[in-house]
Structure formats: C-alpha cells, structure tokens
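Chemist: One structure is given below, represented as structure tokens, and several questions about it will come after.
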Amino acid sequence: MTPENNESADNEPQTTAEKFDDEYYPAYTMGRAAELLGTTANFLRSLDEAKLIEPQRSAGGHRRYSRYQLRLASRVRALIDQGTGLDAACRIVTLEDQLQEARALNAQSAPPAPEGPYPPLRGV
Numbered sequence: 001m002t003p004e005n006n007e008s009a010d011n012e013p014q015t016t017a018e019k020f021d022d023e024y025y026p027a028y029t030m031g032r033a034a035e036l037l038g039t040t041a042n043f044l045r046s047l048d049e050a051k052l053i054e055p056q057r058s059a060g061g062h063r064r065y066s067r068y069q070l071r072l073a074s075r076v077r078a079l080i081d082q083g084t085g086l087d088a089a090c091r092i093v094t095l096e097d098q099l100q101e102a103r104a105l106n107a108q109s110a111p112p113a114p115e116g117p118y119p120p121l122r123g124v
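Mapping to full-length UniProt numbering: the sequence shown position 107 is 107, numbers consecutive.
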C-alpha cells in the first residue's frame with residue numbers, strides 16, 4: 001500500500017525537508033511506532049503478517065514505518081478496541097483506504113464545476 005522507494009518523481013534522492021513532508025517516508029522505528037500508537041511491537045508485527053502494512057527495512061534489517069502506515073495501524077487498533085477481530089479490522093481498513101483512493105481519483109478526473117448559476121432552460 002506504499003511506494004517502494006524514497007525518491008522523488010524525477011528519481012532524485014529526497015532532501016531532508018521533503019522527507020519531513022512525505023507521509024510515505026519510513027521514518028519511525030518499530031519501538032517508536034509502537035510508542036506513538038500506544039501499542040506493542042507484536043501488534044505491528046501482526047499487521048505485517050496480515051499483509052496490511054509491509055514496512056520497509058533499514059540496512060540492518062529493522063522495520064521502518066511511515067506516517068501513512070501508522071495511520072492505518074491506528075485505525076486497526078481502534079477497530080480491535082471496539083471488538084472487531086484482527087482479520088476483519090485489516091479488511092475494513094483496506095477497503096476504507098481503497099475507497100479514499102478511488103474518491104481522490106474521481107475528484108481529479110471530474111470536470112470543473114461551472115461558475116455561477118446554470119443558464120435558464122429554453123423551451124421548458
């Protein structure tokens with residue numbers, strides 16, 4: 001669900017400022033991510049096993065999470081806290097994310113709204 005590399009659209013490495021602004025940049029270690037979410041590293045591993053979140057790996061093989069992934073994990077945690085099972089919560093979050101992406105694509109391809117009121121209909 002996330003881009004595979006940390007380069008800009010023109011394949012240039014990101015600057016520090018771009019990394020701060022990039023919601024897909026894997027800036028958080030597993031420990032920090034778990035702390036931010038108020039959960040455990042095991043919970044994050046379970047999301048990896050469920051294929052909801054596939055964190056990037058550091059050169060040493062440690063998991064790194066992005067803000068985008070932490071938002072998904074937070075939503076799953078909220079659903080689980082409400083009594084939803086892990087598999088169902090992951091499916092719900094996946095569908096919500098797909099719906100949001102589809103809406104964004106539709107908004108981009110929609111024709112611009114007309115300015116002002118519509119002209120009166122003739123012959124009506």
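Glycine included, C-beta positions come from ideal geometry on N, C-alpha and C.
Keep in mind it's a predicted model, so treat the numbers as computed, not measured.
Kindly indicate which three-state DSSP category residue 15 falls into: helix, strand or coil?
Modeler: If you number the sequence shown from 1, residue 15 lands on position 15. Residue 15: coil per DSSP, three-state reduction.
Chemist: Of all the options 52, 21, 22, 82, which has the alpha carbon lying nearest to the alpha carbon of residue 97?
Modeler: Locating residue 97 in the sequence shown gives position 97, counting from the first residue. Nearest C-alpha to residue 97: 52.
Chemist: Could you tell me which of 119, 58, 111 sits nearest to residue 28, measuring between CA atoms?
Modeler: To locate residue 28, count along the sequence shown from 1; it is residue 28. For the residues 119, 58, 111, the minimum Cα distance to residue 28 belongs to 58.
Chemist: Would a C-beta distance cut-off of 8 Å place residue 79 and residue 33 closer than the cut-off?
Modeler: Walking along the sequence shown from the start, residue 79 turns up at place 79. Walking along the sequence shown from the start, residue 33 turns up at place 33. No.
Chemist: In three-state DSSP terms, what is residue 108?
Modeler: Reading the sequence shown from its first residue, position 108 is the one you call residue 108. Looking at residue 108 - three-state DSSP - the assignment turns out to be helix.
Chemist: Check whether the stretch 88-96 touches the stretch 107-116, counting contact only when three or more Cβ pairs, one atom from each stretch, lie closer than 8 Å.
Modeler: No contact exists between the stretch 88-96 and the stretch 107-116.
Chemist: Please confirm whether residue 50 and residue 87 have their CB atoms less than 8 Å apart.
Modeler: The count along the sequence shown starts at 1 and reaches residue 50 at position 50. The count along the sequence shown starts at 1 and reaches residue 87 at position 87. Yes, they are a contact pair.
Chemist: For a test of the three-state rule: what should DSSP assign to residue 56, helix, strand or coil?
Modeler: By one-based count along the sequence shown, residue 56 stands at place 56. If DSSP states are grouped into helix, strand and coil, residue 56 belongs with the strands.
Chemist: On the CB-based measure, 16 or more other CB atoms within 10 Å of its CB, does residue 44 come out buried or exposed?
Modeler: For the purposes of this step, residue 44 is taken as the residue at position 44 of the sequence shown. Under this definition residue 44 is a buried residue.
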